[in-house]
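A short worksheet on the structure shown next.
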Amino acid sequence: MEHQDLLSGLIRLHVLHHAVEGELYGQWMIDELAHHGYRLSAGTLYPMLKAMEKKGYLVSENRRDGRTARKFYRATPLGREALEIARLKVKELFGEMIS
Ligand SMILES: [Zn+2]
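This note's numbering puts the first residue of the sequence shown at 556, with every later residue one more than the last.
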């Protein structure tokens with residue numbers, strides 16, 4: 556992905572947003588990000604999800620989805636708290652960037 560270092564924080568927030576709203580799995584998140592113009596490979600997203608789990612923002616659970624075994628992620632209380640803080644920061648930045 557182009558400008559990955561710069562944009563990866565926004566992608567993490569996007570992931571966290573959906574993990575707070577419900578559950579997600581890797582391929583679903585790749586498709587969702589693609590709708591928003593981010594082209595991420597599994598090789599980029601999966602380590603990102605793993606790292607967010609290691610930091611305590613997400614928890615995962617292996618479950619079968621029909622014939623496919625999937626790893627479902629959702630936000631932890633720490634993830635919810637972090638998203639709330641980030642929401643205020645994004646709002647602040649949005650006000651300055653978009654006028
Ligand atoms: Zn989204």
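By construction, the Cβ of each residue, glycine as well, lies at the ideal position given by its N, Cα and C atoms. In this text, all values refer to a predicted model and were calculated from it rather than measured experimentally.
Looking at the secondary structure, which residues open and close the alpha helix (DSSP H) in which residue i lies?
i: Thr599; result: 597–609
i: Glu647; result: 632–652
Residue i to residue j, Cα distance in whole Å?
i: Ala606; j: Leu648; result: 25 Å
i: Arg618; j: Leu643; result: 34 Å
i: Leu604; j: Glu651; result: 30 Å
i: Pro602; j: Glu557; result: 17 Å
i: Arg622; j: Gln582; result: 15 Å
Within the same chain, show all residues whose beta-carbon is closer than 8 Å to that of residue i, passing over the 5 residues directly before and after it, in chain order.
i: Thr631; result: Gly611, Tyr612, Leu613, Val614
Between which residues of its own chain and residue i is the CB-CB distance below 7 Å, once the five residues before and five after are set aside?
i: Arg635; result: Val575
CB-CB under 6 Å to residue i, same chain, minus the five flanking residues each way: which ones, in chain order?
i: Phe627; result: Glu578, Tyr580, Glu616, Arg618
Going by other Cβ atoms of all chains shown within 10 Å of its Cβ, with 16 needed for buried, is residue i buried or exposed?
i: Arg594; result: exposed
i: Leu633; result: exposed
i: Leu571; result: buried
i: Leu561; result: exposed
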